[in-house]
Structures are given as structure tokens and as C-alpha cells.
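Comments concern the structure below.
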Amino acid sequence: ALSRRYVLCEVVSEDPRCRQCIEDRVLGLAVRDAITRVHGDYGLACCSISFTGAGERAAPGRGVPPAPLTVRVCPAVKYLNAYTGTVLLRCRKDSYRLLCSALPFVRHLENRGQRYPCFLNTLHVGGTIRTCQKFLIQYNRTQLLRLLQNCTNEEERQCIQKSLLSCSLTEEQSESGDEEDDDGTE
Numbered sequence: 012a013l014s015r016r017y018v019l020c021e022v023v024s025e026d027p028r029c030r031q032c033i034e035d036r037v038l039g040l041a042v043r044d045a046i047t048r049v050h051g052d053y054g055l056a057c058c059s060i061s062f063t064g065a066g067e068r069a070a071p072g073r074g075v076p077p078a079p080l081t082v083r084v085c086p087a088v089k090y091l092n093a094y095t096g097t098v099l100l101r102c103r104k105d106s107y108r109l110l111c112s113a114l115p116f117v118r119h120l121e122n123r124g125q126r127y128p129c130f131l132n133t134l135h136v137g138g139t140i141r142t143c144q145k146f147l148i149q150y151n152r153t154q155l156l157r158l159l160q161n162c163t164n165e166e167e168r169q170c171i172q173k174s175l176l177s178c179s180l181t182e183e184q185s186e187s188g189d190e191e192d193d194d195g196t197e
């Protein structure tokens with residue numbers, strides 16, 4: 012199993028229509044184009060190739076043809092929330108620096124013939140999705156505290172305090188997260 016890195020980013024744009032056009036395909040192409048511009052074919056190859064289905068499961072000489080070789084484009088967009096502009100990218104551990112160094116060169120997103128200026132702000136690089144989730148909760152809590160300090164009336168203050176109280180992780184029933192209860196639910 013290859014080691015992976017998860018890069019947590021936010022899409023920052025002045026144009027509110029930008030978030031409406033965000034799709035994982037559009038974002039993936041924009042990141043891939045930035046990697047190509049900054050690092051050329053070498054960077055694209057380092058960040059793009061992960062092989063799956065190379066026929067390793069077929070027993071030789073048994074008359075079973077090997078599975079076809081497929082290439083997945085990486086960095087993969089593992090999570091995208093268009094409402095908040097939060098993006099989680101996955102790449103191989105040995106090429107995450109190439110990916111991170113190319114992210115500032117994403118200057119716009121293009122969808123349906125429209126071009127929306129924006130940039131990607133890297134928030135965190137983690138080894139698991141879980142560590143990125145924990146960081147994101149803490150980051151959102153900090154952002155809400157900043158908003159709370161800038162409130163102009165009591166209604167805004169109460170709304171933000173309610174949001175702050177809802178920012179918490181629930182304890183998992185099992186440490187590994189892989190075990191199931193007797194009734195078959197997690």
C-alpha cells in the first residue's frame with residue numbers, strides 16, 4: 012500500500028458565483044493544469060500516476076486473462092463542499108510537495124464557458140482524512156470566534172454562539188472504527 016497525503020484547501024473568491032460552479036472534475040483539471048505549468052511533464056507524471064488492477068490477482072497459467080491496467084488521475088479530489096469552499100485532495104506521499112507548490116498557481120476555475128477568478132488557500136496537510144477533519148473543526152471554531160468578536164448586534168452574536176456549540180466531534184464507540192455492533196450498525 013502506498014502512503015498518501017491529504018491536502019486540505021479552501022477556495023477563496025470574491026465572486027459568489029464561483030462556489031456554484033465548483034465541481035470535483037473542474038477543480039481536478041485546474042490543479043492538474045497548475046502542476047503542468049509549474050513543474051512540467053515531470054511534475055504531472057509524479058502527481059498523476061497510480062496504477063490499479065495490474066493483473067496481480069489472476070493466477071498465471073489458469074486461463075484467466077489479467078485485469079486491464081487502469082490509470083487514475085491523482086491528485087484525487089476526495090471531498091468537495093461547494094457551499095463552504097472546502098476541498099480535500101489526495102496524492103502520493105512522495106509527491107505532495109509538488110502538489111502544494113503548484114496550488115498557488117490555480118488562478119481561476121472554468122466551467123460551462125465561464126471563468127471565475129479564485130485561488131486555493133492550503134489549510135493543512137495530513138496523513139489521514141481523520142486528521143484533516145479534526146483540523147477543519149478546529150479551524151472553523153477559530154473562524155467563528157473571530158466572527159463573534161466582530162458582531163454588531165445580539166442576534167448575530169447568538170447565531171454564532173449556537174454555531175460554536177455545534178462544532179464538536181462525537182466520540183466513536185470503538186477506537187478502530189472498523190468494528191460493528193451486534194445489530195450490524197456502526
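Residue numbers for the sequence shown, in this note's numbering: 12 to 197. All residues carry an ideal CB built from backbone N, CA and C; glycine is no exception.
Endpoints, the alpha helix (DSSP H) within which Tyr53 is located: Asp35 to Ser59
Chain-order list of residues whose beta-carbon lies under 7 Å from that of Arg28 (same chain, five-residue window excluded): Tyr127
Which residues in the same chain as Arg15 place their Cβ atom closer than 8 Å to its Cβ, once the five residues preceding and following it in sequence are excluded? Arg101, Cys102, Arg103, Lys104 and Gly138
Mind checking which residues open and close the beta strand (DSSP E) that includes Arg103? Thr97 to Arg103
Does the separation of the CB atoms of Val22 and Gly96 fall below 8 Å? yes
Can you round the beta-carbon distance between Cys129 and Ser59 to whole angstroms, since I take them to be within the 8 Å contact cut? Contact between Cys129 and Ser59 fails: their C-beta atoms lie close to 23 Å from each other, not under 8 Å.
Rounded straight-line distance, which links the Cα of Ser177 to that of Val136: 25 Å
Work out the CA separation of Val49 and Arg168 for me, nearest whole Å. 44 Å
If Leu91 and Ile33 are in contact, beta carbons under 8 Å, what's the gap, nearest whole angstrom? 6 Å
Contacts around Asn122, its chain only, beta-carbon distance under 6 Å, and the 5 residues preceding and following it disregarded: If we look at Asn122 and ignore the five residues flanking it on each side, its Cβ neighbours are Cys32 and Val37.
Is the CB-CB distance between Leu159 and Ile171 below 8 Å? yes
Cα separation between Asp35 and Asp26? 19 Å
I'd like to check one pair, Ile46 with Ala113: are the Cβ atoms closer than 8 Å? yes
Using the rule of at least 16 other Cβ atoms within 10 Å of the residue's Cβ for burial, across every protein chain shown, is Tyr53 buried or exposed? exposed
On a CA-only basis, which of Leu156, Ala41 and Leu55 is nearest Arg108? Give me that one, please. Leu55
If you draw a straight line from the C-alpha of His119 to the C-alpha of Leu40, how long is it? 11 Å
Do Arg152 and Leu175 have their C-beta atoms closer together than 8 Å? yes
On the DSSP bridge assignment, give the partners of Pro128 in chain order. According to DSSP, residue pairing for Pro128 in a beta bridge involves His119.
When burial is assigned at 16 or more other CB atoms within 10 Å of the CB, is Leu156 buried or exposed? With a threshold of 16 other beta carbon atoms within 10 Å, Leu156 falls short and is exposed.
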